[in-house]
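Per our numbering, residue 7 is the first one in the sequence shown, and the count goes up by one each step. Cβ atoms here follow ideal geometry from the backbone N, Cα and C, with glycine treated the same way. Read the structure below first, then the notes.
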Amino acid sequence: MSAHHTAAAGALATRLAAVLSPGTGLLWLALAGWLAARRRGVRYGVLIFLVGGANLAGAVAIKLLVGRPRPDVSALANPPAVDHSYSYPSGHTVVATVVVLSLIIALRPRQRRWGIPVGVAVVLLTAASRVYLGLHYPTDVLAAVLYALSAAPVLVGLLAAPPVRAVLTRLNLLPPPTVVDTEGGLP
Numbered sequence: 007m008s009a010h011h012t013a014a015a016g017a018l019a020t021r022l023a024a025v026l027s028p029g030t031g032l033l034w035l036a037l038a039g040w041l042a043a044r045r046r047g048v049r050y051g052v053l054i055f056l057v058g059g060a061n062l063a064g065a066v067a068i069k070l071l072v073g074r075p076r077p078d079v080s081a082l083a084n085p086p087a088v089d090h091s092y093s094y095p096s097g098h099t100v101v102a103t104v105v106v107l108s109l110i111i112a113l114r115p116r117q118r119r120w121g122i123p124v125g126v127a128v129v130l131l132t133a134a135s136r137v138y139l140g141l142h143y144p145t146d147v148l149a150a151v152l153y154a155l156s157a158a159p160v161l162v163g164l165l166a167a168p169p170v171r172a173v174l175t176r177l178n179l180l181p182p183p184t185v186v187d188t189e190g191g192l193p
């Protein structure tokens, strides 16, 4: 694999890693939350940020629980800087997937026509770059995408759980429940 590396591809992969690093993930989620807030209100924007952040936190927990070491990069002609964090799942790929999902949700429906293909390309490029740089196994990036895609609806579903709804309502992130009149009179 090292024989096929080019300086340009390595530089592109490294720049992509800097833009979509776990450290910048919260900034991208804040942007998605801001866009969602402008379109559908502050509460919605905050919820986009919280669900995305919980998704990222879950990936960190899995990484710590699994504890898979990274590939040995010493055989590469131009090995990247040694990263001592765990490999599985790929944090960069989780960030890319979560950010893309959050931004697509924040976009207007007609903007999604171009947002979805661009987002898929960003996720695929990020995943490929992590393997290309020798920092992850292919299963690390595949698991990252599958985790992020499957965790998002689960986390959104948790918002409907009564204890979570109660906390979010107290924090004014959800509107108070409406009173349903079942007897036809005034409450």
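Give me the Cα-Cα distance between Arg116 and Leu53, rounded to the nearest whole angstrom.
-> Counting from 1 along the sequence shown, the entry for residue 116 is found at position 110. Counting from 1 along the sequence shown, the entry for residue 53 is found at position 47. The straight-line gap from Cα to Cα measures roughly 22 Å.
Inspect the CB distances between the stretch 34 to 50 and the stretch 136 to 152 and report whether three or more fall short of 8 Å.
-> no
Look at the Cβ atom of Val72, then the Cβ atom of Tyr92, and state whether they are nearer than 8 Å.
-> Walking along the sequence shown from the start, residue 72 turns up at place 66. Walking along the sequence shown from the start, residue 92 turns up at place 86. It is a contact, given that the beta carbons lie within the stated cut-off.
Use the C-beta contact count for Val126: other C-beta atoms within 10 angstroms, 16 or more gives buried, fewer gives exposed.
-> Residue 126 sits at position 120 when you count from the first residue of the sequence shown. Val126 should be labelled exposed.
If you draw a straight line from the alpha carbon of Ala124 to that of Ala24, how long is it in whole angstroms?
-> Residue 124 sits at position 118 when you count from the first residue of the sequence shown. Residue 24 sits at position 18 when you count from the first residue of the sequence shown. Note that residue 124 is Val in the sequence shown, not Ala. One C-alpha to the other measures close to 18 Å.
Close beta carbons around Val151, own chain, < 7 Å, minus the five adjacent residues each side = In the sequence shown, residue 151 corresponds to position 145, counting from 1. Excluding positions up to five away in sequence, the list reads Thr99, Thr103, Val129 and Ala133.
Burial state of Pro168, where buried means 16 or more other Cβ atoms lie within 10 Å | Start at 1 with the first residue of the sequence shown, and residue 168 comes out as number 162. Pro168 should be labelled exposed.
Start and end residues, alpha helix (DSSP H) containing Leu32 = Numbered from 1 along the sequence shown, position 26 holds the residue referred to as residue 32. First-last of the alpha helix (DSSP H) with Leu32: Pro28 to Arg46.
Evaluate Pro159 with the Cβ neighbour count: other Cβ atoms within 10 Å of its Cβ, from every protein chain shown; 16 or more gives buried, anything less gives exposed.
-> Within the sequence shown, residue 159 is the residue found at index 153, counting from 1. The residue in question, Pro159, is exposed, as its Cβ has fewer than 16 Cβ neighbours within 10 Å.
Every unbroken alpha helix (DSSP H) within the stretch 58 to 142, with a cutoff of 4 residues, ordered by chain = 97 to 112 and 115 to 138
Close-in-space but distant-in-sequence residues of the same chain around Ala17 (CB under 7 Å, 5 per side omitted) = Position 11 of the sequence shown, counted from the start, is the residue given in the question as residue 17. Around Ala17: no qualifying Cβ.
Identity of the residue in Ala15, Gly47, Gly97 and Arg45 nearest Leu32 by Cα | Position 26 of the sequence shown holds residue 32. Measuring from the Cα of Leu32, the nearest candidate turns out to be Gly97.
Pick helix, strand or coil for Leu192, following the three-state DSSP scheme.
-> For the purposes of this step, residue 192 is identified with residue 186 of the sequence shown, where counting begins at 1. Summary for Leu192: the model assigns pLDDT 40, below 50, so the residue's position carries little reliability, and this model does not support an answer.
Are there 16 or more other CB atoms within 10 angstroms of the CB of Ile111, so buried, or fewer, so exposed?
-> Taking the first residue of the sequence shown as position 1, residue 111 is located at position 105. The residue in question, Ile111, is buried, as its Cβ has 16 or more Cβ neighbours within 10 Å.
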